[in-house]
Structure formats: C-alpha cells, structure tokens
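To start, the structure itself, in structure tokens.
Numbering (this note's numbering), first residue to last: 6 to 212.
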C-alpha cells in the first residue's frame, strides 16, 4: 500500500508537470472508485461530467492536497465536494443543508445499480432515501472499506465525529428499510445481515 501511495504521488507530480500519460494512468487506476462513489447518488447523465471535474481539480488546485492522506482519499473528498456543488446548483433554495436531504428529495434520477437479490435491491433503495451525508458515509464504509480517519478526512470532520455519524447513519438506513420493506421476513433478513448484504453489492460495482 505504501508503494502504491508513493507511485500515485509520483504520477500526480508528473501529470501536473505536463505528462499526459501519467494522468491517464492515474485516471485508469482511480476512475472505478470515483464512479462507484457517484453511481448511486446522481443520474447516469451526470456521472461522466462530475468524474471529469473531480480529476481536473487535481490539476487546477494542487495546493489543496496536503499529502497527509492517500491520493484515493483525497480524490474521493473532491468527488464529495463536486456532488454537493452539483445538488446545490440544482436546488432552488441555495441555503438548504444539502447533507441533510436525501438524493431522492434532491431530484436524483433513477438508480443505475441493480441488486440480484431482494435484500440488495431494498438496501440500494434505502441508501438513496437517507440524508446524503449518511449515504456517503455508509457507501464509503461498506464499498470502499475506508477507516474512520479516512472517512473523517473526506468529510472534513474529526475522527470521533465521523464515527458518531456512521453509527447514526446505520440507524437511519435501518429506519428506511423498515419503511420500504413490504415483507417482515425480507426486512429481518436485511437488517440481521446488513453489513454482509451491503458488501455483497460491491462485486457488481465498477472496478
């Protein structure tokens, strides 16, 4: 992991110095993570634009990367900011707390992820119904397997705060599952094995 981090930083420096091939290598390596981050949160027509803007920030604002985290964590932090800006631009009331509203209520298009099992489909729908910040935290934890400090870095909050918000997000998605489920057996199966069902969606995602 350390060698990959150093390699990422070398590629980033080369890209910023004008080496397009280095930029292409970084894009190929980290595109799947950015795509996964966006795919359950915005419509298919917005994913490509937000992904390109995320990578361009690496070139346009080099001073923002303090190199205290991995390049992937830094990149996902940019994607998170791009996502919030995207919904702020779409929202009539710009002062609205975007993080406290679900992507469904923010006008997200139909979900592009389809689970093979009922539990997976139910969970994907529930994730889109909780506040955006809760969805972000849960998907970073389940799909990217990020640690507390990494999630904290993406959110720009202390680690204890990130862990507290993760616990709250689990409760919120549990409530959403209860509201969406039409079957007690399906609900019980999903809730009892929440982490397993969430991680089982990961192989179907890009990368």
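Here a beta-carbon is modelled for each residue, glycine too, at the ideal position from N, C-alpha and C.
Exposure label - residue 33; buried when at least 16 CB within 10 Å: exposed
Beta-carbon proximity check, residue 135 vs residue 174, cutoff 9 Å: yes
Which of the three DSSP states, helix, strand or coil, is assigned to residue 148? coil
Have a look at residue 42 and residue 26 and give me their C-alpha separation to the nearest angstrom. 24 Å
Could you give the uninterrupted runs of the alpha helix (DSSP H) lying entirely in the stretch 55-135, keeping only those of 4 residues or more? 76-95, 123-132
Run of the alpha helix (DSSP H) containing residue 157, from where it starts to where it stops: 153-160
Can you tell me whether residue 109 is buried or exposed? The criterion is at least 16 other CB atoms within 10 Å of its CB, across all chains shown. exposed
Backbone secondary structure at residue 7 - three-state DSSP: For residue 7, the pLDDT reaches just 49, beneath the cut-off of 50, and the residue's location in the model is therefore unreliable, although a value from the coordinates is still provided. The answer is helix: DSSP assigns residue 7 an H, G or I state.
Look at the alpha carbon of residue 40 and the alpha carbon of residue 60, and state the distance between them as a whole number of angstroms. 12 Å
By DSSP, does residue 24 sit in helix, in strand, or in coil? coil
Skipping 5 residues on each side, what residues in its chain have a beta carbon closer than 8 Å to that of residue 139? 170, 173, 174, 177, 178
Cβ of residue 158 within 9 Å of Cβ of residue 51? no
Buried or exposed: which applies to residue 15, given that a residue is buried once 16 or more other Cβ atoms fall within 10 Å of its Cβ? exposed
Rounded to whole angstroms, what is the Cα-Cα separation between residue 201 and residue 129? 13 Å
Sorted by chain position, which residues of the same chain lie with C-beta nearer than 8 Å to residue 111's C-beta, five sequence neighbours on each side aside? 92, 95, 96, 103, 137
Taking the alpha-carbon of residue 194 as reference, which of 49, 38, 123, 45 has the nearest alpha-carbon? 123
Buried or exposed (CB count within 10 angstroms, at least 16 for buried), residue 46: buried
If we ignore side chains and look at the alpha-carbon of each, how far apart do residue 301 and residue 192 end up? Since the first and last residues shown for the chain are 6 and 212, residue 301 lies out of range.
Compute the beta-carbon to beta-carbon distance between residue 35 and residue 88, rounded to the nearest angstrom, for a pair I have assumed lies under 8 Å. Actually they are not in contact, since the Cβ atoms of residue 35 and residue 88 sit about 16 Å apart, beyond 8 Å.
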